[in-house]
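2 protein chains.
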Amino acid sequence: MTTPLRILLVDDHTLFRSGLKALLQRQADLEVIGEAADGLEGVKQATQLQPDIVLLDLDMPVMNGRDALAQMLVGQPGLAVLMLTVSEDGEDLAECMKTGARGYLLKNINADFLLDSIRRAVDGDSVLSPEMTAKLVARLRAPVAAPRHSELDSLTPRERETLSHLARGISNKEIARALDLAESTVKVHVQNILRKLGISSRVQAAVYAVEHGLDKP
Amino acid sequence: MTTPLRILLVDDHTLFRSGLKALLQRQADLEVIGEAADGLEGVKQATQLQPDIVLLDLDMPVMNGRDALAQMLVGQPGLAVLMLTVSEDGEDLAECMKTGARGYLLKNINADFLLDSIRRAVDGDSVLSPEMTAKLVARLRAPVAAPRHSELDSLTPRERETLSHLARGISNKEIARALDLAESTVKVHVQNILRKLGISSRVQAAVYAVEHGLDKP
DNA sequence: GGGGCAATCCGCCAAAAGGAGGAGGCGCCC
DNA sequence: GGGCGCCTCCTCCTTTTGGCGGATTGCCCC
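Chains X and D, in that order, are what the protein sequence lines are.
In this text, residue positions in the first sequence follow the working numbering: the first is 8, and each later residue adds one.
In this text, residue positions in the second sequence follow the working numbering: the first is 8, and each later residue adds one.
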């Protein structure tokens, strides 16, 4: 038999780590070689111990799991990292998987599923909690379905409308015609948009609009 | 106990259907209520029989599985459809899931996984063959796999470079500084870009650049 | 009933962009 | 060698933006 899989646990709940460790140690082919209680410590341990796989919580003090994940991967690009979290947020999921997590598991999974996932992840497979698959598919359907709260919120309805037209590349005069306004009013709106978005040209405003899906509303 | 789940099988391989049917009928909570050997027949059966779930092959004569899936869903938007195919193509996967398939399973899965998937799919979960999860994640990472041949090709290298800077929202003068050119030269490039792309303002050029991934090359 | 905010307009000004023309140099290909 | 495309730069001109200032109206909320 080959050497056991060397596992690093990163989670700020001591009891959870203890239980998990006991569970994993019962498997002949698994070995917990280290533990960390926050993201920063986790990154350090990952570098020193060179584990085969990391089980990583999201919500932690000092450094959260997302940042820790990114840090670990710059140091060890091929490292298998399984997110193990309570967050069912599709945003968290997408971020972690984009960053390069090998999997995203909810803490409500049963032991067999976890053990299976660990082995599969080390083999290179991507694994997801069943509940999260649908969320990933949803992202596929609307890749830029960014309902994030942004500076966009600070724009008034009229400003958003103006920006939307601006993004089509038309002049203030034409926007004025489209919105049935004086050109001077449009210029005021554009000024406010630039100020609120912290930018300095209508071109940047247009790019912003496109990137936030405001170009074809 | 509740009534069994009513299943429709759609696959052009008779033997495969027979075997699958035998397998499913062994389960007390499952019942195969219909079979079809091509997509068109499958859509017809789905309409008539109103099954709880459809197992649908991709590669079929007369009408392929993708089109059949779309057809079924216009008629019965909430219908659970599990793709059951040999295609490991990420494109097929993405298309089907975007269209609204409840899952995408490879035919190499074992019986337990299939049975479990059927029950989960009917419950509203999305299910994927383990191998396909990674492909879905890959799509998340690069939503626009840039298969473009476009007017972009008609731009000269210098024009593309200019456009790339333009898309950052900076002035001609600044572009000139960045490219170590006279502002007048930049203006010529911009003119050529507008003409070649068939547009009339730098804002439209910037939007075009962003939409074609030329903003951060 | 006053304060805040969105929305609408004005004017003025400097800077930037758009549009037209011409012109020289360079490399490539027939 | 001549033609062609690309890159470079120029002038002259009009239009558009960006960036001030200020003003009025209407609405909501406390």
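Cβ coordinates follow ideal geometry from the N, Cα and C atoms, glycine included.
What you are looking at is a predicted structure, and each value in this text was computed from that prediction instead of being measured.
- request: With a threshold of 16 other CB atoms inside 10 Å of the CB of V50 (chain D), please say whether the residue is buried or exposed.
  value: Reading the second sequence from its first residue, position 43 is the one you call residue 50 (chain D). Classification of V50 (chain D): buried, given that the 10 Å Cβ count is 16 or more.
message: DSSP three-state label for E238 (chain X), please.
response: Only positions 8 to 224 of chain X appear in this structure, which leaves residue 238 (chain X) out of reach.
query: According to DSSP, is R33 (chain D) helix, strand or coil?
result: Reading the second sequence from its first residue, position 26 is the one you call residue 33 (chain D). Coil.
- prompt: At which residues does the alpha helix (DSSP H) containing V193 (chain D) begin and terminate?
  reply: Walking along the second sequence from the start, residue 193 (chain D) turns up at place 186. Segment E190 to L204, the alpha helix (DSSP H) holding V193 (chain D).
message: Just verifying my parser: in three-state terms, what is the DSSP assignment at M139 (chain D)?
response: Mapped onto the second sequence, residue 139 (chain D) falls at position 132. Residue state for M139 (chain D) is assigned as helix, using DSSP reduced to three classes.
field: P68 (chain X) vs I14 (chain X) beta-carbon contact at 8 Å
entry: Here residue 68 (chain X) refers to the residue found at position 61 of the first sequence. Here residue 14 (chain X) refers to the residue found at position 7 of the first sequence. No, these two residues do not count as a Cβ contact at 8 Å.
- request: Could you give the DSSP three-state label for R146 (chain D): helix, strand or coil?
  value: Indexing the second sequence from 1 puts residue 146 (chain D) at position 139. In the structure shown, the three-state DSSP call for R146 (chain D) is helix.
message: Strictly below 8 Å CB to CB, what residues from chain D border S234 (chain X)?
response: Lying before the first or after the last residue shown, residue 234 (chain X) is absent from chain X, which here runs from 8 to 224.
message: Is there a C-beta anywhere in chain D that falls below 8 Å from the one on E95 (chain X)?
response: On the first sequence, position 88 is the one that residue 95 (chain X) refers to. No, no contact with chain D.
query: Roughly how many whole angstroms lie between the Cα atoms of A152 (chain X) and K142 (chain X)?
result: Counting from 1 along the first sequence, the entry for residue 152 (chain X) is found at position 145. Counting from 1 along the first sequence, the entry for residue 142 (chain X) is found at position 135. At A152 (chain X) the pLDDT is 43, less than 50, meaning the model places this residue with poor confidence; the figure from the coordinates comes in the next sentence. Each residue's Cα considered, the two are about 12 Å apart.
task: Examine chain X for any beta-carbon lying closer than 8 Å to the beta-carbon of P84 (chain D), and answer yes or no.
output: The sequence position of residue 84 (chain D) within the second sequence is 77, counting from 1. With a threshold of 8 Å between beta carbons, P84 (chain D) makes no contact with chain X.
- prompt: Going by alpha carbons, who is nearest to E138 (chain D) out of D:R165, D:Q78 and D:T92?
  reply: Residue mapping note: residue 138 (chain D) aligns to position 131 of the second sequence, counting from 1. When each option's Cα is compared against that of E138 (chain D), the closest is D:T92.
message: Give me the chain D residues within the contact set of R202 (chain X), using Cβ-Cβ distance strictly less than 7 Å, ordered along the chain.
response: Here the question's residue 202 (chain X) lines up with position 195 in the first sequence. Among the residues of chain D, none has a CB under 7 Å from the CB of R202 (chain X); the nearest is roughly 15 Å distant.
task: Reducing DSSP to helix, strand and coil, say where R155 (chain D) ends up.
output: For the purposes of this step, residue 155 (chain D) is taken as the residue at position 148 of the second sequence. With a pLDDT of 48 at R155 (chain D), under the threshold of 50, the modelled position of this residue cannot be trusted, and the question is left open.
message: Do L16 (chain D) and L27 (chain D) have their beta-carbon atoms positioned less than 8 Å apart in this structure?
response: Indexing the second sequence from 1 puts residue 27 (chain D) at position 20. Indexing the second sequence from 1 puts residue 16 (chain D) at position 9. Between L27 (chain D) and L16 (chain D), the C-beta gap is smaller than 8 Å, which places the two residues in contact.
L89 (chain D) in three-state terms, based on DSSP: Translated into positions along the second sequence, residue 89 (chain D) becomes position 82. Here L89 (chain D) sits in strand by DSSP.
message: List, in chain order, every chain X residue whose beta-carbon is nearer than 8 Å to that of K28 (chain D).
response: Locating residue 28 (chain D) in the second sequence gives position 21, where the first residue counts as 1. From the beta-carbon of K28 (chain D), no residue of chain X is found nearer than 8 Å; the closest lies around 26 Å away.
- prompt: DSSP on L63 (chain X), reduced to helix/strand/coil?
  reply: The residue given as residue 63 (chain X) occupies position 56 in the first sequence. Of the three classes helix, strand and coil, the one that applies to L63 (chain X) here is strand, per DSSP.
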